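Peer 1:
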Amino acid sequence: MDLNTDQPITERTNPLSANIDILAPLDIVSTLQACDEEIFNGWRDFQGLFDERIQSNLSKIMEVAVDVLNDADRSVIIFSGCGTSGRLAFITARTFNSHLRHLGITECYQYIMAGGDRALFTSQEAVEDDPLLGAKILKQLSEDKVRVLYFGITCGLSAPFIAGQLDYCLKHLDRFTPVLLGFNPAHLARNMPIEKWDKTFLQVVQRLEEAEAKGQGFILNPVVGPEPITGSSRMKSGTATKLLLEAVLMPAHAKSFMHTKLGIKDYLVQYKQVWESVYSQKSDIAALLHLAGSSLKQGGHLYYIGSGGLGIMGLIDASECSPTYGATLDDVRGFLEGGYQTLANLEGDLSSLGKHFGISLQDFMDQIVPNLTDRDLVIFISKDRPYSIPKEVEVKPCNKACIVVNITKGDSVQSVSTFNSKVTLDLTEVVLDSAALDADLRLRTIDLYAELAVKWTLNAVSTGAHIMKGKVFNNIMIDLKPSNVKLFHRAVGIIQRYSNLAVEVCQDYLLRSLYDTDDVSQEIRSAAMVDHIKIGASKPKVVPTALLAALLRCTIREAKVALDQQPVLRQVILDSMAGQQGNTQ
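So for the sequence shown, the working numbering puts the first residue at 2; every next one is plus one.
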């Protein structure tokens, strides 16, 4: 349990998942279920989703959104974020513009992704640290608008890119209503100096608190508790981001265009029912998790295929595996029917940037299918009926699975022998009162619930698969690549955290692992940091190998052999302890 009350809650370890690295697949899914429940039930004594201040702010933000929608030609709603937050900003803008387009109303939603659209698929960390660039982009996007509702999404209340945009909003409150969306108490916003800037994030938050007191801005920060994998904000924080934005905007659309009204709290209750429906299938999810983990452990790959919003959730989950688990960009990939035309991103087709930006079904057929083996797993995602597998894939020896979201009454989901594993997410009972919603809005609402159901399922599958591959120790991701100075020192810190050895000794173990030696020469120690990180950028299992050697006081070769036989580091340690006890009896 974390005792440091100054540590942001989004960065703390969750005691519920302390042993997730050595659990069986079904127990992994049950642990994720318990962690996700904190989204709705709250965490300790902190303000949660249903607390009065959060509900009041949600209602006030919804009213601002209604005003913007009623003046859509001259106003705009902007979502902005980095990493997962930016990807959710994108899909939210896409979703609600689609609804406006269907109604024949001016599309007034925009998104800002730190690093541009390439950051939808790959990490662009340098841009995330630039507050001036953030403010510049926001200014350009909004300068011809008379009213702007701005959502700055940063789960830890920490991203400098968002701080710069909030600062710009606060200087122009005559046009802007800024909303900060994150999941830490305001006083735990990052208070570290930001390079080439004169403010900290905390100082911006304090000014926003003053604006909130005057009704000129809002902080939307329910505490949903620590992530199941420490710091992995793609999971609980990402889920909470999606459902909060939708719980504000669906009622705003209903009030503006349908002359019907449904409370924000009603939507949040429905989202909890989606959560219950997803985890009622945890045995099937666990079976799929095991299949995915087996593929990654054998050096195989995990591929998602889908259409529309469900396919985009696959793209998002795949894009997050590399920065979260130190996976390669080839380990987990998503593909979308219709490619960039379906994605409808601002910058259009990015496939010329390289193979990892090829996202269409045709890209999958051309790039991936010829090389599929029995170590690979392809997961098809669809609504109401299993995905129709292309014949070229059907004949391949790879494993095939499907996730089917059932939103229509009846027996449309049939058993298909082609699949090695199948998960059916039944949302037919998660419906809103037909008298309260226009039929079109109701259908779009259910589509959003289906997206979130798929997000929960894919998060569980990819998280569990990487746990099985040995990427996690306790509930902390340890298989990072020491590919820059920051990550080199973070790697040393991980070794020290668990070994309790001196920093110099821990750095020595890291160098042993980097250079495959148990005798670190003076030449290695005195080498430039750039030489160390050059090796660290491409070498696998550097940190797990170093940590195991430090914990067992064994050679690097012995640590590597042990991890080749059993990739889960803590299981190696437990087996070693059991062996030692056996020898003393």
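All residues carry an ideal CB built from backbone N, CA and C; glycine is no exception.
Note that the structure is predicted; figures quoted are calculated from it, not measured.
#1: Excluding the 5 residues flanking alanine 579 on each side, which residues of the same chain have their C-beta closer than 7 Å to its C-beta?
#2: Anyone know if the C-beta pair for serine 320 and tyrosine 341 falls short of 9 Å?
#3: For the beta strand (DSSP E) containing valine 379, name the first residue and the last one.
#4: Could you please give the first and the last residue of the uninterrupted alpha helix (DSSP H) stretch that includes tyrosine 112?
#5: Compare the C-alpha of isoleucine 106 against each of Leu347, Lys61 and Ser257 and name the closest.
#6: State buried or exposed for threonine 11, treating a residue as buried only when at least 16 other CB atoms are found within 10 Å of its CB.
#7: Once DSSP output is grouped into helix, strand and coil, what is the label at tyrosine 388?
#8: Which ranges does the alpha helix (DSSP H) cover as unbroken runs of at least 4 residues, wholly within the segment 9-50, from first to last along the chain?
#9: Exposed or buried, what is glutamine 282 when buried is set at 16 or more other beta-carbons lying within 10 Å of its beta-carbon?
#10: Within the same chain, show all residues whose beta-carbon is closer than 7 Å to that of asparagine 15, passing over the 5 residues directly before and after it, in chain order.
#11: For the putative contact between alanine 293 and leucine 378, defined by C-beta atoms under 8 Å, what is the C-beta separation to the nearest angstrom?
#12: Take aspartate 565 as the anchor and find which of Gln299, Tyr450 and Lys356 has the nearest alpha-carbon.
#13: Apart from the five residues just before and just after phenylalanine 97, which ones in its own chain have a Cβ nearer than 6 Å to its Cβ?
#14: Looking at C-alpha atoms only, which residue of Tyr326, Pro26 and His103 is the closest neighbour of proline 541?
#15: Can you check which of these residues, Glu213, Ala160 and Asp520, is closest to isoleucine 55 by C-alpha distance?
#16: Just the C-alpha distance for leucine 354 and phenylalanine 336, rounded to the nearest angstrom, thanks.
#17: Roughly how many angstroms lie between the CA atoms of arginine 315 and lysine 172, to the nearest whole one?
#18: Return yes when at least one heavy atom of the ligand COA lies under 8 Å from the C-beta of cysteine 156, else no.
#19: What does the Cβ neighbour count give for lysine 356, buried or exposed, with the cut at 16 atoms within 10 Å?
#20: Given 8 Å as the limit, is there contact between the segment 479-491 and the segment 525-542, that is, 3 or more CB pairs closer than that?
#21: Tell me, please, whether the segment 295-312 touches the segment 439-459 by the rule of three or more beta-carbon pairs shorter than 8 Å.
#22: May I ask you to report which of helix, strand or coil DSSP gives aspartate 7?
#23: Quick check: the Cα distance between aspartate 517 and lysine 561, rounded to an integer number of angstroms?
#24: Looking at C-alpha atoms only, which residue of Val147, Ala120, Pro9 and Val333 is the closest neighbour of leucine 351?
#25: Rounded to a whole number of angstroms, what is the C-alpha to C-alpha distance between serine 539 and alanine 328?
#26: Are the CB atoms of isoleucine 380 and leucine 459 within a distance shorter than 9 Å?
#27: Tell me the residue span of the beta strand (DSSP E) that contains alanine 160.
#28: Short check: CB of isoleucine 468 to CB of valine 569, under 9 Å?
#29: Can you have a look at glycine 494 and say buried or exposed, based on whether 16 or more other CB atoms are within 10 angstroms of its CB?
#30: Hey, out of Arg526, Ser238, Gly471 and Met259, whose CA is closest to lysine 456's CA?
#31: Sorted by chain position, which residues of the same chain lie with C-beta nearer than 6 Å to asparagine 20's C-beta, five sequence neighbours on each side aside?
#32: Is the Cβ of methionine 236 closer than 9 Å to any Cβ of chain C?
#33: Is DSSP giving aspartate 434 helix, strand or coil here?
#34: Taking only the alpha-carbon atoms, compute the straight-line gap between isoleucine 195 and valine 128 and give it to the nearest angstrom.
#35: So, using beta-carbon positions, are phenylalanine 184 and alanine 241 closer together than 9 Å?
#36: Can you pull the DSSP bridge partners for lysine 423?
Peer 2: According to the structure shown:
#1: Correct list: empty, nothing qualifies.
#2: Not in contact: serine 320 and tyrosine 341 (Cβ atoms no closer than 9 Å).
#3: For valine 379, the uninterrupted beta strand (DSSP E) run begins and ends at 378-384, by DSSP.
#4: It is not in any alpha helix (DSSP H) - tyrosine 112 instead sits in the beta strand (DSSP E) that spans 110-114.
#5: The shortest Cα separation from isoleucine 106 among Leu347, Lys61 and Ser257 belongs to Ser257.
#6: If you draw a 10 Å sphere on the C-beta of threonine 11, you find 16 or more other C-beta atoms in it, and that means buried.
#7: Note: tyrosine 388 maps to coil in three-state DSSP.
#8: Listed in chain order, the alpha helix (DSSP H) runs fully inside the segment 9-50 are 26-42, counting runs of at least 4 residues.
#9: Buried: at least 16 other Cβ atoms inside 10 Å.
#10: The beta carbon of asparagine 15 is closer than 7 Å to those of Cys36, Gly226, Pro227, Glu228, Pro229 and Asn476 in its chain, skipping five residues each way along the sequence.
#11: Yes, they are in contact, since the Cβ atoms of alanine 293 and leucine 378 sit about 6 Å apart, within 8 Å.
#12: Put simply, of Gln299, Tyr450 and Lys356 the residue whose alpha carbon is nearest the alpha carbon of aspartate 565 is Gln299.
#13: Taken in chain order, the residues that qualify are Tyr110 and Leu250.
#14: Answer by Cα proximity: Tyr326.
#15: For the residues Glu213, Ala160 and Asp520, the minimum Cα distance to isoleucine 55 belongs to Glu213.
#16: Distance between the alpha carbons of leucine 354 and phenylalanine 336 is about 16 Å.
#17: In the sequence on display, residue 315 carries glycine and not arginine. Taking the straight line joining both Cα atoms gives about 38 Å.
#18: With respect to the ligand COA, the structure offers nothing, as it holds no ligand at all.
#19: Exposed, since its Cβ has fewer than 16 Cβ neighbours within 10 Å.
#20: Remark: three or more beta-carbon pairs, one from each stretch, lie closer than 8 Å, so the segment 479-491 and the segment 525-542 are flagged as touching.
#21: With a cut-off of 8 Å, the segment 439-459 and the segment 295-312 count as touching, because enough Cβ pairs lie within range.
#22: Aspartate 7 falls in the coil class under three-state DSSP.
#23: If you take the alpha carbons of aspartate 517 and lysine 561, they lie about 10 Å apart.
#24: Nearest to leucine 351 by alpha-carbon distance, out of Val147, Ala120, Pro9 and Val333, is Ala120.
#25: Near 11 Å, if we compare the C-alpha coordinates of alanine 328 and serine 539.
#26: One thing to note: leucine 459 has its Cβ within 9 Å of the Cβ of isoleucine 380.
#27: Judged by DSSP secondary structure, alanine 160 falls outside any beta strand (DSSP E); it is assigned neither H nor E.
#28: In this structure, the beta-carbon distance from isoleucine 468 to valine 569 falls below 9 Å.
#29: Exposed.
#30: Comparing Cα positions, the closest option is Ser238.
#31: Closer than 6 Å at the Cβ level, and outside the excluded window around asparagine 20, lies no residue.
#32: Looking at the structure shown, chain C is missing, and only one protein chain is on hand.
#33: Residue confidence for aspartate 434 is low, a pLDDT of 49 falling below 50, so the modelled location carries little weight; the figure read from the coordinates is stated next. Residue state, collapsed to three classes: coil.
#34: Taking the straight line joining both Cα atoms gives about 13 Å.
#35: With respect to alanine 241, phenylalanine 184 sits close: the two C-beta atoms are nearer than 9 Å.
#36: Cys403, per the DSSP bridge assignment.
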